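A.B. asks: Residue numbers (the numbering used here): 196 to 514. We treat Cβ as the ideally placed atom computed from N, Cα and C, and that holds for glycine. Computed from a predicted model, the values in this text were never measured in an experiment. The structure that follows is given in the form of structure tokens.
Okay, here's the thing in structure tokens:
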């Protein structure tokens with residue numbers, strides 16, 4: 196009990212470890228598999244990948260896991276995604292609380308326009324924001340999925356992919372990821388918006404929402420850097436994939452679909468892992484671009500990984 200009560204960072208580690216352990220046990224149960232039982236190592240890897248919103252798989256989520264197993268993965272992604280966002284916020288508040296008042300103001304000013312530090316309300320807002328994005332995304336996806344699948348299946352697929360996209364997890368209930376929707380601009384745009392929103396993080400979303408509501412654009416330095424870097428990376432990535440794949444994977448697609456798939460590729464490789472293009476047939480230039488975008492990743496305080504866009508901005512400015 197002393198271990199749990201005195202060291203917040205230990206509680207965080209134990210919480211993630213507990214989620215992974217619980218997920219491993221559940222995924223290893225016979226009810227989680229469609230045919231043969233999922234091995235313990237495979238279950239551990241899948242649970243870890245879901246909680247850490249990595250998206251790497253060693254067994255097919257679509258065919259090897261039953262609906263129960265897919266629900267477990269969905270819950271693990273949700274816990275992991277929310278945990279990443281709330282943990283980043285908690286670390287920020289902890290840092291600011293240990294500084295002098297003047298330095299705390301400087302730290303929070305670089306990350307948020309609101310100087311009032313309210314940990315509980317802020318964590319609650321993170322959860323509400325995530326659920327709002329996921330709920331709206333699931334509804335919009337369901338409207339499309341129901342045209343090709345039974346209502347129950349369409350609803351589950353919509354919720355699963357909305358959570359996976361916002362949490363930047365990359366898991367899919369289809370073996371081909373989103374290849375089947377490579378020609379559907381509606382689905383790709385919704386998924387891209389969810390991925391980008393999750394990759395921006397709560398602080399950025401909150402400030403943009405406040406600016407829209409109050410029609411006042413006094414954004415913090417953190418938000419300005421994140422929005423600018425994200426826009427530049429998306430534009431650069433989209434243009435790069437269009438040029439590199441114009442005579443390869445995008446050759447047989449019209450201008451709109453080619454641009455949409457190039458944009459989606461630029462969005463998802465940075466943080467999520469969905470795909471509409473066969474990654475094994477990318478040109479060498481596209482592979483190099485993918486590695487670079489993955490290395491950079493998302494914004495601080497988000498569900499994405501990488502060295503973060505703010506780090507890139509600092510390196511560019513210092514060069």
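Give a yes or no on whether the C-beta atoms belonging to residue 493 and residue 465 are separated by under 8 Å.
C.D. replies: Taking the first residue of the chain shown as 1, we reach residue 493 at position 298. Taking the first residue of the chain shown as 1, we reach residue 465 at position 270. Going by C-beta atoms, residue 493 is nearer than 8 Å to residue 465.
A.B. asks: When you compare only the Cα positions, how much space is there between residue 467 and residue 245?
C.D. replies: As a first step, residue 467 is located in the chain shown; it is residue number 272 there, counting from the start. As a first step, residue 245 is located in the chain shown; it is residue number 50 there, counting from the start. Spanning the two alpha carbons is a distance of roughly 12 Å.
A.B. asks: Just verifying my parser: in three-state terms, what is the DSSP assignment at residue 305?
C.D. replies: Numbered from 1 along the chain shown, position 110 holds the residue referred to as residue 305. Reliability of the predicted coordinates at residue 305 is poor, the pLDDT of 47 falling under 50, and the value obtained from them is presented with this limitation in mind. Residue 305: helix per DSSP, three-state reduction.
A.B. asks: Give the DSSP-derived three-state secondary structure of residue 458 in the structure shown.
C.D. replies: As a position in the chain shown, residue 458 is number 263, starting the count at 1. Here residue 458 sits in helix by DSSP.
A.B. asks: Can you name the residues that DSSP bridges to residue 228?
C.D. replies: As a first step, residue 228 must be located in the chain shown, where it is residue number 33. DSSP output for residue 228 lists 260 as bridge partner(s).
A.B. asks: So residue 346 is in the alpha helix (DSSP H); what residue range does that whole segment cover?
C.D. replies: Translated into the one-based positions of the chain shown, residue 346 becomes position 151. Taken as a continuous stretch (DSSP letters only), the alpha helix (DSSP H) holding residue 346 covers 346-361.
A.B. asks: Whole angstroms is fine: what's the gap from residue 402's alpha carbon to residue 482's?
C.D. replies: Here residue 402 refers to the residue found at position 207 of the chain shown. Here residue 482 refers to the residue found at position 287 of the chain shown. Computed Cα separation, rounded: 34 Å.
A.B. asks: Apart from the five residues on each side of it in sequence, which residues of its chain come closer than 6 Å, Cβ to Cβ, to residue 505?
C.D. replies: For the purposes of this step, residue 505 is taken as the residue at position 310 of the chain shown. Within its own chain, the residues whose Cβ lies closer than 6 Å to the Cβ of residue 505, once the five positions on either side in sequence are excluded, are 420 and 495, listed in chain order.
A.B. asks: With a threshold of 8 Å, are at least 3 pairs of Cβ atoms found where one atom belongs to the region 441-457 and the other to the region 370-384?
C.D. replies: Between the region 441-457 and the region 370-384 there are three or more inter-stretch CB-CB distances shorter than 8 Å, so the stretches are counted as touching.
A.B. asks: With DSSP as the reference, label residue 237 as helix, strand or coil.
C.D. replies: The count along the chain shown starts at 1 and reaches residue 237 at position 42. The answer is helix: DSSP assigns residue 237 an H, G or I state.
A.B. asks: With residue 490 as the anchor, note down where its alpha helix (DSSP H) starts and where it stops.
C.D. replies: Numbered from its first residue, the chain shown carries residue 490 at position 295. 479-491 is the span of the alpha helix (DSSP H), which, as asked, contains residue 490.
A.B. asks: Determine, using beta carbons only, whether residue 373 and residue 471 come nearer to each other than 8 Å.
C.D. replies: Translated into positions along the chain shown, residue 373 becomes position 178. Translated into positions along the chain shown, residue 471 becomes position 276. Cβ atoms of residue 373 and residue 471: closer than 8 Å.
A.B. asks: Can residue 429 and residue 462 be called in contact, C-beta distance under 8 Å?
C.D. replies: Taking the first residue of the chain shown as 1, we reach residue 429 at position 234. Taking the first residue of the chain shown as 1, we reach residue 462 at position 267. The answer is yes: Cβ separation under 8 Å.
A.B. asks: Return yes when the Cβ of residue 280 is within less than 8 Å of the Cβ of residue 321, no when it is not.
C.D. replies: By 1-based counting over the chain shown, the position of residue 321 is 126. By 1-based counting over the chain shown, the position of residue 280 is 85. Yes; because the gap between Cβ atoms is below 8 Å, this pair is in contact.
A.B. asks: Distance check for residue 473 and residue 491, CA to CA, integer angstroms please.
C.D. replies: Residue numbering aside, residue 491 sits at position 296 when the chain shown is read from its first letter. Residue numbering aside, residue 473 sits at position 278 when the chain shown is read from its first letter. So the two alpha carbons sit approximately 22 Å from each other.
A.B. asks: Anyone know if the C-beta pair for residue 276 and residue 393 falls short of 8 Å?
C.D. replies: Here residue 276 refers to the residue found at position 81 of the chain shown. Here residue 393 refers to the residue found at position 198 of the chain shown. Yes, they are a contact pair.
A.B. asks: Would you grab the beta carbon distance between residue 391 and residue 425 for me? Rounded to a whole angstrom, and I think it's under 8 Å.
C.D. replies: Residue numbering aside, residue 391 sits at position 196 when the chain shown is read from its first letter. Residue numbering aside, residue 425 sits at position 230 when the chain shown is read from its first letter. Residue 391 to residue 425, Cβ: 7 Å. Contact.
A.B. asks: Just how far apart, CA to CA, sit residue 218 and residue 271?
C.D. replies: By one-based count along the chain shown, residue 218 stands at place 23. By one-based count along the chain shown, residue 271 stands at place 76. The straight-line gap from Cα to Cα measures roughly 7 Å.
A.B. asks: From the DSSP output, in three-state form, read off residue 503 for me.
C.D. replies: The residue given as residue 503 occupies position 308 in the chain shown. DSSP places residue 503 in coil when its eight states are reduced to three.
A.B. asks: Could you check what DSSP says for residue 298 in three-state terms: helix, strand or coil?
C.D. replies: Here residue 298 corresponds to residue number 103 of the chain shown, with the count starting at 1. Bear in mind that the predicted position of residue 298 carries a pLDDT of just 47, short of 50, making it too unreliable to give a figure here.
A.B. asks: Less than 8 Å between C-beta atoms, sequence neighbours within five positions excluded: which residues of the same chain meet that for residue 234?
C.D. replies: Translated into positions along the chain shown, residue 234 becomes position 39. Excluding positions up to five away in sequence, the list reads 223.
A.B. asks: Starting from the Cα of residue 359, find the closest Cα among 443, 486 and 251 and give me that residue.
C.D. replies: Position 164 of the chain shown, counted from the first residue, corresponds to residue 359. Taking the Cα of residue 359 as reference, the smallest distance to any Cα among 443, 486 and 251 is reached at 251.
A.B. asks: With a threshold of 6 Å on Cβ separation, who are the neighbours of residue 364 within its own chain once the five nearest residues in sequence on each side are excluded?
C.D. replies: The residue labelled residue 364 in the question sits at position 169 within the chain shown. Around residue 364: 248, 250 and 272.
A.B. asks: Just checking my contact of residue 215 with residue 263 at CB under 8 Å: how many whole Å lie between their CB atoms?
C.D. replies: Residue 215 sits at position 20 when you count from the first residue of the chain shown. Residue 263 sits at position 68 when you count from the first residue of the chain shown. That belief does not hold up - the Cβ atoms of residue 215 and residue 263 are roughly 18 Å apart, past 8 Å.
A.B. asks: Let me know the secondary structure DSSP gives residue 178 once reduced to three states.
C.D. replies: The question about residue 178 has no answer here: the residues shown for the chain are numbered 196 through 514.
A.B. asks: Applying the criterion that 16 or more other CB atoms from any shown protein chain within 10 Å of the CB defines a buried residue, is residue 497 buried or exposed?
C.D. replies: Along the chain shown, read from residue 1 onward, the residue named residue 497 stands at position 302. Of the other Cβ atoms in all chains shown, 16 or more fall within 10 Å of the Cβ of residue 497; this residue is therefore buried.
A.B. asks: DSSP three-state call for residue 450: helix, strand or coil?
C.D. replies: Here residue 450 corresponds to residue number 255 of the chain shown, with the count starting at 1. Correct three-state label for residue 450: helix.
A.B. asks: Give every residue of the same chain whose Cβ lies closer than 8 Å to the Cβ of residue 334, excluding the five residues on either side of it in the sequence, and list them in chain order.
C.D. replies: Residue numbering aside, residue 334 sits at position 139 when the chain shown is read from its first letter. Correct list, in chain order: 353.
A.B. asks: Would you mind working out which of 268, 478 and 318 sits nearest residue 356, comparing C-alpha positions?
C.D. replies: Position 161 of the chain shown holds residue 356. Nearest to residue 356 by alpha-carbon distance, out of 268, 478 and 318, is 268.
A.B. asks: Kindly indicate which residue of 361, 417, 344 and 239 has the alpha-carbon position closest to the one of residue 332.
C.D. replies: Position 137 of the chain shown, counting from 1, holds the residue named residue 332. Comparing Cα positions, the closest option is 361.
A.B. asks: Indicate the three-state DSSP secondary structure (helix, strand or coil) for residue 310 in the structure shown.
C.D. replies: The residue you call residue 310 lines up with position 115 of the chain shown. Any reading at residue 310 needs caution, since the residue's pLDDT is 42, under 50, leaving its predicted position unreliable; the model's value is listed next. Residue 310: coil per DSSP, three-state reduction.
A.B. asks: According to DSSP, simplified to helix, strand and coil, what is residue 399?
C.D. replies: For the purposes of this step, residue 399 is taken as residue 204 along the chain shown, with counting starting at 1. Residue state, collapsed to three classes: helix.
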